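Below is one structure, written out as structure tokens; the observations come after it.
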DNA sequence: ACCTTTCTCAACTGTTCGGTTGAACAAAGG
DNA sequence: CCTTTGTTCAACCGAACAGTTGAGAAAGGT
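Chains as they are written, first to last, in this note's numbering: chain F, 36 to 153; chain B, 36 to 153.
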């Protein structure tokens with residue numbers, strides 16, 4: 036899973052990580068802040084953050100001992116673009132199918148119209 | 036990973052599965068059709084399809100020995116909704132931050148405004 | 001009836017994932 | 001210094017994942 040798109044999808048496949056992202060849209064937070072609501076160790080949360088970071092979804096700076104986490108929302112565009120592209124393509128295919136069905140209603144051809152076999 | 040949203044994200048985290056989805060926007064296909072371009076066993080592809088199916092991304096019917104796979108593009112909406120919601124929220128926060136910074140330039144208040152702790 | 005095609009199920013393998021604990025590092029602050 | 005706070009690293013564990021092979025089901029074609 037080398038490519039970023041895969042990493043982003045994988046990162047958001049986990050409910051805890053999605054929740055973290057959701058909370059980061061409100062404000063930056065430290066690891067401790069983020070860990071608070073969950074019933075897991077701080078280390079586990081730290082690992083989740085590493086996943087989000089490697090997906091490019093968050094960045095981290097430094098403030099004394101703290102490592103504030105900041106959401107990089109632009110990465111969403113990567114997904115949105117992929118999804119929209121194929122969503123559009125699927126819709127187009129759908130309307131194309133409608134056209135075929137409509138033309139079939141005019142004529143009276145019960146046979147296949149596919150150009151598969153030679 | 037019980038919820039559908041997690042399953043959809045996880046399903047699309049794999050490049051091979053994303054490619055299958057992409058190809059299914061063009062036309063329905065059999066397992067064999069789908070497997071052809073990849074250098075893995077048919078069984079592996081069959082497993083990938085099971086993942087896509089359990090995520091609600093595809094459905095399968097029957098045509099003699101064949102099991103044609105059909106894309107259910109509506110499921111994309113699930114993701115799109117989630118993404119857009121937090122994308123919007125992140126943007127709003129951004130503009131809100133701008134406002135705060137602007138007001139800070141007028142006054143001179145360096146203290147926090149968050150009502151988190153009891 | 002047989003054989004072929006298409007696909008799935010079952011069992012096994014190596015790898016990744018999400019979690020744990022314990023130790024250690026980084027940066028202030030007595 | 002030594003302690004406290006915040007975070008990460010390392011090793012480990014069980015479960016899930018992505019792949020394999022081998023057997024077999026499902027549905028026709030001849």
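All residues carry an ideal CB built from backbone N, CA and C; glycine is no exception. Quick caveat: nothing in here was measured; it's all calculated off a predicted structure.
Residue i, buried or exposed, once every other Cβ within 10 Å from all chains shown has been counted against 16
i: residue 105 of chain F; result: exposed
i: residue 61 of chain B; result: exposed
i: residue 100 of chain B; result: exposed
i: residue 45 of chain B; result: buried
i: residue 151 of chain F; result: At residue 151 of chain F the pLDDT is 39, less than 50, meaning the model places this residue with poor confidence; the figure from the coordinates comes in the next sentence. Exposed is the call here.
i: residue 122 of chain B; result: buried
i: residue 146 of chain F; result: Reliability fails at residue 146 of chain F, whose pLDDT of 46 lies under 50, so the model's placement of it is uncertain and no value is given.
i: residue 131 of chain F; result: exposed
i: residue 42 of chain B; result: buried
Rounded distance between the beta-carbons of residue j and residue i, thought under 8 Å
i: residue 66 of chain F; j: residue 81 of chain F; result: 6 Å
i: residue 63 of chain B; j: residue 103 of chain B; result: 5 Å
Opposing strand residues paired with residue i [DSSP bridges]
i: residue 9 of chain F; result: A query on residue 9 of chain F cannot be resolved here, the shown segment of chain F reaching from 36 to 153 and no further.
i: residue 94 of chain F; result: F:105
Between the CA atoms of residue j and residue i - distance to the nearest angstrom
i: residue 118 of chain F; j: residue 72 of chain F; result: 31 Å
i: residue 87 of chain F; j: residue 51 of chain F; result: 11 Å
i: residue 125 of chain B; j: residue 78 of chain B; result: 42 Å
i: residue 112 of chain F; j: residue 74 of chain F; result: 31 Å
i: residue 56 of chain B; j: residue 49 of chain F; result: 21 Å
i: residue 85 of chain B; j: residue 120 of chain F; result: 23 Å
i: residue 89 of chain B; j: residue 114 of chain B; result: 15 Å
Short Cβ contact (9 Å threshold) for residue i with residue j
i: residue 47 of chain B; j: residue 92 of chain B; result: yes
i: residue 94 of chain B; j: residue 109 of chain B; result: no
i: residue 58 of chain F; j: residue 69 of chain F; result: yes
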